[in-house]
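Structure first, commentary second.
2 protein chains.
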Amino acid sequence: MSCGGRNMQSKITINGIAKIAKVSKGTVSRVLNNERGVGEKTRERILKLIKDLNYKPSAIARSLVSLRTNNIGIVLPSDFGAGISQAFWPSILSSITRAAAELNMCVLVTTFNPEEEAVEDSYKRILAEHRVDGLITFADILGKRRTAELIAGRYPFVSIGRDDGMRHHFVDVENREGAQTMTEHLIELGRKNIVFVCGPKTLPSVRARLSGFKDVIGKYPQVKGKVLEVPFSSHEAQKAIVGHLGENRAVDALFIGAVNFVMDGLVACKHLGLAIPGDIAFACFDELDFFKERNLLTSPITSIAQPVDELGREAMNMLHELLKGDVKGFHQKLLPTTLIVRESCGEAKAGRAN
Amino acid sequence: MSCGGRNMQSKITINGIAKIAKVSKGTVSRVLNNERGVGEKTRERILKLIKDLNYKPSAIARSLVSLRTNNIGIVLPSDFGAGISQAFWPSILSSITRAAAELNMCVLVTTFNPEEEAVEDSYKRILAEHRVDGLITFADILGKRRTAELIAGRYPFVSIGRDDGMRHHFVDVENREGAQTMTEHLIELGRKNIVFVCGPKTLPSVRARLSGFKDVIGKYPQVKGKVLEVPFSSHEAQKAIVGHLGENRAVDALFIGAVNFVMDGLVACKHLGLAIPGDIAFACFDELDFFKERNLLTSPITSIAQPVDELGREAMNMLHELLKGDVKGFHQKLLPTTLIVRESCGEAKAGRAN
DNA sequence: TTGAAAGCGGTACCAG
DNA sequence: CTGGTACCGCTTTCAA
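Which chain is which? The protein sequence lines are A and B, in order. Taking our numbering, the leading residue of the first sequence gets 75, the next gets one more, and so forth. Taking our numbering, the leading residue of the second sequence gets 75, the next gets one more, and so forth.
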């Protein structure tokens, strides 16, 4: 038995329908697109035929004439399937996909490796080949140069996160404000010696959060703030934290600047025998599922939550607006973060903790 | 300044090239597709033009004539961005995307909610509209009825995981053998009272693993095996485990049948004050990043690892074969699992632990 | 080796 | 209200 060969998906086309209905394909097209100017009986006859034969117009053919595919591309880092930050990618992809579906659009996944200079990144290819109408990118991943290329090429895209000084459409979270909020929170709780762990300052989001931290520290002379800038790669953070905390027993708060470092932070504390929140307050920018539960790790962890779902939805909707073409200037949207107070910073105050 | 409007991606087409090169578009088409029968000089002239103008043929137009899009769809559960099993989805998606890229294909993400009966699932739509040439699905998610529909419609698809008794192309892991291996392992280590925690038997993978467990238990009269079948939803597993282990202090091994339950298992043990592996051996079907490290959770966890990368790659390649059309009968591929011995089952024996 | 023309499955416009 | 036709960008004969 042969099962291969031609793909059997409805070979029937608009011509087929037209022929059977004994009308021109123009008429069929009209009922397909719900246009007026078709006799009631004809319309119904055609509609029935369409339903009976389970006919669906070819998106390809439609695209050819409309010059729009109704597909958008999302540009992910090639290693999005690994590591703890992986929690972010499926979430954002999921929200984008959902938003896209509501707009009758489809999402095409592209990956690229920020580390290496490819001959041609695949996201450029799908753009050039007209496989997609536009792109959703990530400022932290894409980098300034590539973003500039997209701008120069006048490709429609919206970035999640932003590169300062670049003019493009974006939706971003209030990283700076979020970091400020958390720092203030720690200080209000009486912490006086805070360590902030963050990734490389090359990333826009890192810079924003870092500056938020520094802003607040600068306002309180009696509070000491220390920044630990470490690469995202394997456990540098852990070593750095153990190193610093080991030598500075006065540190009473650890502010993890990105979810990537939570485990390192937690392990470091355990390593040093530091009780949370007894000996040290533990806070994290970004929210993770297990933060909320009293599990075997620690007490529930206080965090700054990003509105990931909204981020994806807004990006998708913004891109859709762009594509419709009636956009003047730049769309830039900032989404607020939420401080979720739990137990890891001590003295559980009132606050939304779920 | 208006930035909206027409998408500027190279408006230049094959006609433009032809015109400038003063040849017919047929000729341009020939050089594009690397066909013979074009004068050396003409070819080079055209090639240069293509490069200079950075021309890329429209995938849309090509698809229209070839009736192939070179896109494939992947059908994910709508909540793939949540929960701990989320670790699986980005990994598999990533590997599929990489494999697709090598074949010059693109991946279109579709989601659907197994719980609810949609008017029309979007994966059917993209198929009907010819947005994709074929699908990669997941047996555990799609379910028998929907799989049957795809078969009946003669749509090209390969399933990851399989429904017993259904004839279709698939690639699967040796769930049964994996569960057997782990169970044997526990018994060899001297464990005599093993609890197996698994999800609903409606899922093919659950059935396979369960039968593997039972097979082995059946072979050893002196070993007691107990199955705890629980829903994947929130912490039913935890309650069930605490309940059972609380009443049966003789249990000396916990075999978690799917990664979804690890946390529940771990928390349950902690709750009961059971030391791992002192009081109880802890094993898990599926591998998670943090299993390998001695972290704050437990000792490194012994597991059965699925070859996720291979799974995705094989599925993609198999689908590609199908699409080429030269496939007879059914392609079905089984991938072996790997027992990774670590410390959570006691008596660290020799074995690959990394 | 090359050009001309038909056609893939639709949309859009014009005449009737 | 409806049919006819040109055309979207490319591939594929068929002649020349």
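For each residue, glycine too, the CB sits at the ideal point set by N, CA and C.
Alpha-carbon to alpha-carbon, residue j and residue i
i                : j                : result
Leu302 (chain B) : Val271 (chain B) : 5 Å
Asn145 (chain B) : Ile134 (chain A) : 12 Å
Lys266 (chain A) : Asn249 (chain A) : 22 Å
Phe231 (chain B) : Met390 (chain B) : 10 Å
Ala192 (chain B) : Val139 (chain B) : 32 Å
Asp153 (chain A) : Val183 (chain B) : 17 Å
Phe295 (chain A) : Ser307 (chain A) : Note that residue 295 (chain A) is Pro in the sequence shown, not Phe. Computed Cα separation, rounded: 33 Å.
Leu127 (chain A) : Gly111 (chain A) : 23 Å
Thr211 (chain B) : Asp353 (chain B) : 41 Å
Gly147 (chain A) : Leu408 (chain B) : 32 Å
Pro188 (chain A) : Val304 (chain A) : 18 Å
Ile86 (chain A)  : Arg136 (chain A) : 15 Å
Leu328 (chain A) : Val269 (chain A) : 5 Å
Ile166 (chain B) : Pro381 (chain B) : 10 Å
Val290 (chain B) : Tyr197 (chain B) : 40 Å
Gly320 (chain B) : Glu388 (chain B) : 44 Å
Arg368 (chain B) : Arg172 (chain B) : 31 Å
Assigned exposure category for residue i - 16 Cβ within 10 Å defines buried
i                : result
Phe287 (chain A) : buried
Asn22 (chain A)  : Nothing can be reported for residue 22 (chain A), as the shown portion of chain A is limited to 75 through 428.
Ala226 (chain B) : exposed
Thr276 (chain B) : exposed
Ser98 (chain B)  : exposed
Gly164 (chain A) : Note that residue 164 (chain A) is Pro in the sequence shown, not Gly. Pro164 (chain A) is buried by the Cβ-count criterion.
Ala19 (chain A)  : In the structure as shown, chain A starts at 75 and stops at 428, and residue 19 (chain A) therefore has no counterpart that could be examined.
Asp195 (chain A) : buried
Gly420 (chain A) : buried
Gly155 (chain B) : buried
Gly299 (chain A) : buried
Leu216 (chain B) : buried
Gly347 (chain B) : exposed
Glu109 (chain B) : exposed
Pro274 (chain A) : exposed
Gly208 (chain A) : buried
Asp246 (chain B) : buried
Same chain, Cβ closer than 7 Å to residue i, neighbours up to 5 away in sequence not counted
i                : result
Ala379 (chain A) : Glu361, Thr411, Thr412 and Ile414
Leu123 (chain A) : Ile91, Ile94 and Ala95
Asp338 (chain B) : His309, Ala311, Gln312 and Ile315
Ser279 (chain B) : Asp214, Gly235 and Asn249
Thr185 (chain B) : Leu150, Pro151, Ser152 and Phe154
Other residues of its chain near residue i: CB distance less than 6 Å, five sequence neighbours each side excluded
i                : result
Ala324 (chain A) : Asn267
Lys366 (chain A) : Pro374
Ala253 (chain B) : Arg283, Gly286 and Phe287
Leu405 (chain B) : As written in the sequence, residue 405 (chain B) is His, which differs from the Leu given in the question. The residues are His243 and Met392.
Pro131 (chain A) : Leu106
Cβ of residue i within 8 Å of any chain A Cβ
i                : result
Leu138 (chain B) : yes
Leu209 (chain B) : no
Val232 (chain B) : no
Lys155 (chain B) : In the sequence on display, residue 155 (chain B) carries Gly and not Lys. So yes, Gly155 (chain B) belongs to the interface.
Cys180 (chain B) : yes
Ala379 (chain B) : no
Ala389 (chain B) : no
Lys130 (chain B) : yes
Ile200 (chain B) : yes
Pro164 (chain B) : yes
Selected residue, minimal CA-CA separation from residue i, among the options
i                : options                                   : result
Thr143 (chain B) : B:Lys398, B:Leu409 and B:Gly420           : B:Lys398
Val206 (chain A) : A:Tyr229, A:Phe212 and A:Pro188           : A:Tyr229
Glu118 (chain B) : B:Val102, B:Lys85 and B:Gly386            : B:Val102
Cys180 (chain A) : A:His394, A:Val401 and A:Ser418           : A:His394
Phe359 (chain B) : B:Ala332, B:Ile350, B:Lys293 and B:Ala222 : B:Ala332
Proximity test, Cβ basis, 8 Å: residue i and chain B
i                : result
Glu190 (chain A) : no
Thr185 (chain A) : yes
Arg205 (chain A) : yes
Leu167 (chain A) : yes
Thr221 (chain A) : no
Lys293 (chain A) : no
Ala175 (chain A) : yes
Ala311 (chain A) : no
Ile215 (chain A) : no
Same chain, Cβ closer than 8 Å to residue i, five either side skipped, listed in chain order
i                : result
Asn89 (chain B)  : Lys99
Arg241 (chain A) : Ile225 and Phe404
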